[in-house]
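Please read the structure below before turning to the comments.
There are 2 protein chains.
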Amino acid sequence: MPVVEGTVKEVLNKTEWVAIVTSGEKSHLVGTWGDYIRELGIEGDKIVIPAGHYEKTEENLRMNNKLQLLIASKGVKGSHGPGQGCIIEGEGKIETDGETVEKVRERFEWVRGALIIEVMADKAQL
Amino acid sequence: MPVVEGTVKEVLNKTEWVAIVTSGEKSHLVGTWGDYIRELGIEGDKIVIPAGHYEKTEENLRMNNKLQLLIASKGVKGSHGPGQGCIIEGEGKIETDGETVEKVRERFEWVRGALIIEVMADKAQL
Numbered sequence: 001m002p003v004v005e006g007t008v009k010e011v012l013n014k015t016e017w018v019a020i021v022t023s024g025e026k027s028h029l030v031g032t033w034g035d036y037i038r039e040l041g042i043e044g045d046k047i048v049i050p051a052g053h054y055e056k057t058e059e060n061l062r063m064n065n066k067l068q069l070l071i072a073s074k075g076v077k078g079s080h081g082p083g084q085g086c087i088i089e090g091e092g093k094i095e096t097d098g099e100t101v102e103k104v105r106e107r108f109e110w111v112r113g114a115l116i117i118e119v120m121a122d123k124a125q126l
Numbered sequence: 001m002p003v004v005e006g007t008v009k010e011v012l013n014k015t016e017w018v019a020i021v022t023s024g025e026k027s028h029l030v031g032t033w034g035d036y037i038r039e040l041g042i043e044g045d046k047i048v049i050p051a052g053h054y055e056k057t058e059e060n061l062r063m064n065n066k067l068q069l070l071i072a073s074k075g076v077k078g079s080h081g082p083g084q085g086c087i088i089e090g091e092g093k094i095e096t097d098g099e100t101v102e103k104v105r106e107r108f109e110w111v112r113g114a115l116i117i118e119v120m121a122d123k124a125q126l
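Chain order of the listed sequences is D and H. Residue numbers for the first sequence follow this note's numbering, beginning at 1 and rising by one. Residue numbers for the second sequence follow this note's numbering, beginning at 1 and rising by one.
Spelled out as structure tokens, the structure:
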């Protein structure tokens, strides 16, 4: 059974943007647009994010491949707030060549690579 | 001169939600709704966020009061993407009584306190 289904899938389909947190020596926060992820398609529990910079994110992932995403939308009915948020936990790596990166580059010519995330768990937020 | 002006103010006025990252022994990611912050009003460089849970955030801030927020909106013209994001850096503390908390509780009766942030810097993202 995939993790990315039900509420988390619904919020992924609506979130305007995505926060991405990695932890190395210091935690690092970056973002991406929800449309970028959706345009690349979410297959099973794999999320692919076009990587323009993300140098510090890459450095952190080499030390600790665990990461967290936060997504949210008022377009999804919330459990108690005016919308629904979700924390997504997973493992990530940045690839700069190979088949996935080529596919990402066809759509986003400005990328230096792709952040590829395997989702392990999610929990409701907000 | 306040830090919260120009582009960062524009994005704060539009962001649907806000990501909040604190760093203690482990980094911790939570969120809030943009409307919550706007309803409480942003005065100068002080951002007030209603705190329902945020127990781990509070624990982290006691070890390290530095935090980061990410905000973003497609409603603000971006420097190169389809919208604008901003990282906000600041110092935070959670208060559970006092004048500010009483004001927050008048509007949000479910709070256990308030996350009070003094903004120190911001940078464009996305």
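Even for Gly, the Cβ is constructed at its ideal location relative to N, Cα and C. Just so you know, these numbers come straight off a predicted model, no measurement behind them.
| Asked | Found |
| --- | --- |
| Run through DSSP, which three-state label would residue 11 (chain D) get? | helix |
| Measure the alpha-carbon distance for residue 55 (chain D) versus residue 29 (chain D) and round it to whole angstroms. | 12 Å |
| Counting Cβ pairs, one atom from each stretch, are 3 or more of them under 8 Å apart for the region 32-51 of chain H and the region 108-117 of chain H? | yes |
| Any Cβ of chain D within less than 8 Å of the Cβ of residue 126 (chain H)? | yes |
| Should residue 99 (chain H) go down as buried or exposed, given a rule of 16 or more other Cβ atoms within 10 Å for buried? | exposed |
| Could you check whether the Cβ of residue 94 (chain H) sits closer than 8 Å to any Cβ belonging to chain D? | no |
| Out of curiosity, what's the CA-to-CA distance linking residue 14 (chain D) and residue 83 (chain H)? | 16 Å |
| Taking the runs of the alpha helix (DSSP H) that are 4 residues or longer, which of them lie wholly in the region 69-110 of chain H? | 99-107 |
| Identify the continuous beta strand (DSSP E) that holds residue 117 (chain D) and give its terminal residues. | 113-125 |
| Taking DSSP's pairing of strands, which residues face residue 43 (chain H) in a bridge? | H:46 |
| Report all residues from its chain with a CB closer than 6 Å to the CB of residue 19 (chain D); omit the five preceding and five following residues, and keep chain order. | 31, 70 |
| Find out if the Cβ-Cβ distance for the pair residue 61 (chain H), residue 92 (chain H) is shorter than 8 Å. | yes |
| Residue range of the alpha helix (DSSP H) that residue 63 (chain D) falls in? | 55-63 |
| Measure the alpha-carbon distance for residue 37 (chain H) versus residue 112 (chain H) and round it to whole angstroms. | 16 Å |
| Using the beta-carbon of each residue, which ones in chain D are nearer than 7 Å to residue 70 (chain H)? | 19, 29, 31 |
| Flag residue 41 (chain D) as yes if its beta-carbon sits less than 8 Å from any beta-carbon of chain H, otherwise no. | no |
| Which residues in the same chain have their Cβ closer than 6 Å to the Cβ of residue 195 (chain H), if we skip the five residues on either side of it in sequence? | For chain H, the structure presents residues 1 to 126; residue 195 (chain H) sits outside this window and is missing. |
| Taking the C-alpha atoms as reference points, what is the distance between residue 1 (chain H) and residue 121 (chain H)? | 12 Å |
| If we call anything under 8 Å between Cβ atoms a contact, is residue 72 (chain D) one with residue 126 (chain D)? | yes |
| In angstroms, rounded to a whole number, what distance separates the CA positions of residue 106 (chain D) and residue 39 (chain D)? | 12 Å |
| Along the region 100-123 of chain H, what residues have a CB closer than 7 Å to any CB found in chain D? | none |
| Taking the alpha-carbon positions, what's the residue 24 (chain H) to residue 24 (chain D) distance? | 13 Å |
| From residue 26 (chain H) to residue 21 (chain D), what distance separates their C-alpha atoms? | 11 Å |
| Along chain H, which residues have their Cβ under 7 Å away from the Cβ of residue 79 (chain D)? | The contacting residues do not exist; residue 79 (chain D) stays about 12 Å from chain H at best. |
| What does a CB cutoff of less than 6 Å around residue 33 (chain H) pick up in its chain, not counting 5 residues either side in sequence? | 17 |
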